[in-house]
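First residue of the sequence shown? That's -4 in the numbering used here, and the numbers climb one at a time after it.
Just so it is clear, CB atoms sit at the ideal spot from N, CA and C, and this is done for glycine as well.
Working notes, beginning with the structure itself.
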Amino acid sequence: MKKKAIFAVIGVILCAALCLALAGCNKKYKQDAVATDRSGIENVVSNGGLAVKAGKYLYFINGYAGQDGDNEFGNVVKGAIMRVELDEAGLPKTDTLATIVPKNVYNTNADIGIVIVGDHIYYTTPSTDKDGSGNAKTSEMVLMRTTLDGAESEVIANFDDYTPVYRVSDGYIVYMNSENELHVIDLNDKKFKDSLVDEEVVAYTFADYADNANGMQNTVFYTKAAENSYATNNTVWAYRAGGAPVKVIDGLASYDANKLAHPGGYSITILDSYFVGGEGIRLVYTKTDSGTNTKSKGVYAYDFNADLTFSEAKEVRYTTGVTYTSLKFIDADNILAADSDSVDYLRKDASGAWVADAVIEGSSLSILDVQVKEGTVTVYYTASNALYKIDVLTANGNGGYDLKRVSAVSLYGTTYNTTWLKLDKVLDCVYFFNSDVKDNAYYLALGKVEPHNSNSQIALQLGKFSNADNIGMLESTDDEEEE
């Protein structure tokens, strides 16, 4: 009888432990809802970064607290997701500030901030689980979501580190992990079922979040090595959440054997993907061969329809022997192509051949935004941690553009924290963590910046300081006065 009783107790304990473990995967947090005007809230701008516009609101991360910042739900200020209303000019109305997610939002990947899809905000946060010594396991990542009014938050998945990179679409999250595996999480499943899609993935690309995703936002492209270990070609695959992986380009079999630059076929490196009209998605990639002269080396693109079929005849080649790290499409025939020290304008000449002209030169260049307004193409970019804008092209009336030879205008030159996220441009404002003010969230209204007027480049506080930061700044001021 005693043995039976012992086994019964053990069974109850194991059952309870299992229930707790299962509950931990879908742990929920509740708080009072923040009054939310839902008119137009489905219109999302600048998804995936430090700040996201949804309807009349701007949701943003209230400063960089780091991996070990305060993370007790309900008490968090620094690193929390907060919200303000925007005025008609798109400027924050800071007197409307409200806390939506009182958790420390954190990651290490510059492409992973906050994401709004449907009625939820998606984000990552350090784990609050304790190790054997009672310390929070902050090196582990938790993927969560919260309703736009802040009323309900829930855990979607737990990870051992911050290496997983994900994209959210209607009903699914697709992610890559450090084991080179592609996974999908079904958000319609009550337990958020996680399924392995493919493995031995070499490289991949998710398209940026965009309004014109046209049903293709849950599509990821990735490359795999050829099955023959001695082959010099590789393969490109596509996966659309809810479906099955499809091999879309074989670096050997997808091309006419009589036209190959080298009998071994092509090695393809994915650069990016972009949504195009209808149900299309444009894959941009570099391609080369193993021949002595690598005649195929260059930048290419292919516009896939919903059926994800490839035809060699429709492949577009932009460059010969020259590669870039990113492309920004003004339209299909006019492109700004960037690498680390220049931005070139790619276009077709009279013969139909693609040619390039340099429009920006500098060090550590990164394009923040490209705007086309009244026939003028303006580039916002960072170089050596400073923000600039420059008019580079003007429409010539023939479907193309002429170069504009003007100087860049400095917009902001004060330091900002890029340990995690970079500058984020939403409408006519840039948002960032201000390293001069303890990495708190600040913004600069670009429309108010005047050339050569440093006073017009003063950024403004966006969110709320934590008590610790207030005390720290007071102590810093006292130290300066004593000196």
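Residue i and residue j closer than 8 Å at C-beta
i, j, result
"Thr409", "Asp431", "yes"
"Val365", "Tyr396", "no"
"Met136", "Ser122", "yes"
"Phe428", "Tyr157", "no"
"Tyr225", "Ala198", "no"
"Asn57", "Gly74", "yes"
"Val294", "Tyr319", "yes"
"Leu143", "Ile36", "yes"
"Asn99", "Val71", "yes"
"Gly259", "Asn228", "yes"
"Asp181", "Tyr167", "yes"
"Phe55", "Ala46", "yes"
"Ser34", "Val421", "no"
"Ala378", "Ser358", "yes"
"Leu331", "Lys323", "yes"
"Ile116", "Thr214", "no"
Residue i versus residue j - alpha carbon distance
i, j, result
"Ala301", "Tyr426", "36 Å"
"Val374", "Leu363", "8 Å"
"Val112", "Ala333", "30 Å"
"Ile444", "Leu406", "The sequence given here places Val at residue 444; Ile does not occur at that position. So the alpha carbons of these two residues sit roughly 7 Å apart."
"Val404", "Leu360", "15 Å"
"Glu147", "Ser268", "33 Å"
"Thr94", "Ser291", "53 Å"
"Ser285", "Gly316", "14 Å"
"Met468", "Lys459", "14 Å"
"Gly392", "Val196", "45 Å"
"Leu441", "Asn412", "19 Å"
"Thr200", "Tyr118", "19 Å"
"Pro240", "Gln212", "15 Å"
"Val7", "Ile151", "Because Val7 sits at a pLDDT of 42, beneath the cut-off of 50, its placement in the model cannot be relied upon, and the following sentence gives the value as read from the coordinates. In a straight line, the C-alpha of Val7 is about 27 Å away from that of Ile151."
"Ala463", "Glu83", "34 Å"
"Ala18", "Thr264", "Confidence in Ala18 is poor, its pLDDT being 43 and thus under 50, which makes the residue's placement unreliable; the coordinate value appears in the next sentence. Going by the C-alpha atoms only, they are around 42 Å apart."
"Ala205", "Phe270", "8 Å"
"Ala296", "Asn288", "22 Å"
"Asp27", "Pro97", "12 Å"
"Thr283", "Gly127", "52 Å"
"Glu194", "Ser173", "11 Å"
For residue i: DSSP bridge partner residues
i, result
"His178", "Tyr170, Leu191"
"Leu398", "Leu388"
"Lys343", "Trp349"
"Lys22", "Its beta-bridge partners do not exist; DSSP assigns none."
"Ala435", "It is Asn, not Ala, that sits at residue 435 in the sequence shown. Paired residue(s): Asn429."
"Tyr269", "Arg277"
"Ser337", "Glu356"
"Ile509", "Look at the range of the chain in this structure, -4 to 478, and you will see that residue 509 is not part of it."
"Glu147", "Lys25"
"Arg162", "Val169"
Coil, strand or helix - residue i by DSSP
i, result
"Asp211", "In the sequence on display, residue 211 carries Met and not Asp. Met211: coil per DSSP, three-state reduction."
"Gly467", "helix"
"Asn288", "coil"
"Ser134", "coil"
"Gly442", "helix"
"Val279", "strand"
"Ser449", "helix"
"Ser430", "helix"
"Glu356", "strand"
"Lys185", "coil"
"Ala152", "strand"
"Lys309", "helix"
"Lys73", "coil"
"Ala60", "coil"
"Ala252", "helix"
"Ala462", "According to the sequence displayed, residue 462 carries Asn and not Ala. Asn462 falls in the helix class under three-state DSSP."
"Asp364", "strand"
"Asp90", "strand"
"Glu80", "strand"
"Val96", "strand"
"Val110", "strand"
"Thr141", "strand"
Enclosing beta strand (DSSP E) for residue i [first to last residue]
i, result
"Asp480", "Outside the displayed span of the chain (-4 to 478) sits residue 480, for which this structure offers no information."
"Leu416", "From DSSP, Leu416 is part of no beta strand (DSSP E); its letter is neither H nor E."
"His115", "115 to 121"
"Tyr295", "293 to 299"
"Arg235", "229 to 235"
"Lys323", "321 to 326"
"Asp245", "241 to 245"
"Tyr261", "Neither: Tyr261 is in no beta strand (DSSP E) and is coded neither H nor E."
"Phe68", "Taken as a continuous stretch (DSSP letters only), Phe68 belongs to no beta strand (DSSP E), as it is neither H nor E."
"Leu457", "From DSSP, Leu457 is part of no beta strand (DSSP E); its letter is neither H nor E."
"Thr494", "Coverage of the chain is limited to positions -4 through 478, which leaves residue 494 absent and any answer about it impossible."
Residue i at chain D interface by Cβ criterion, 8 Å
i, result
"Ser249", "The chain inventory of the structure shown lacks chain D, comprising one protein chain alone."
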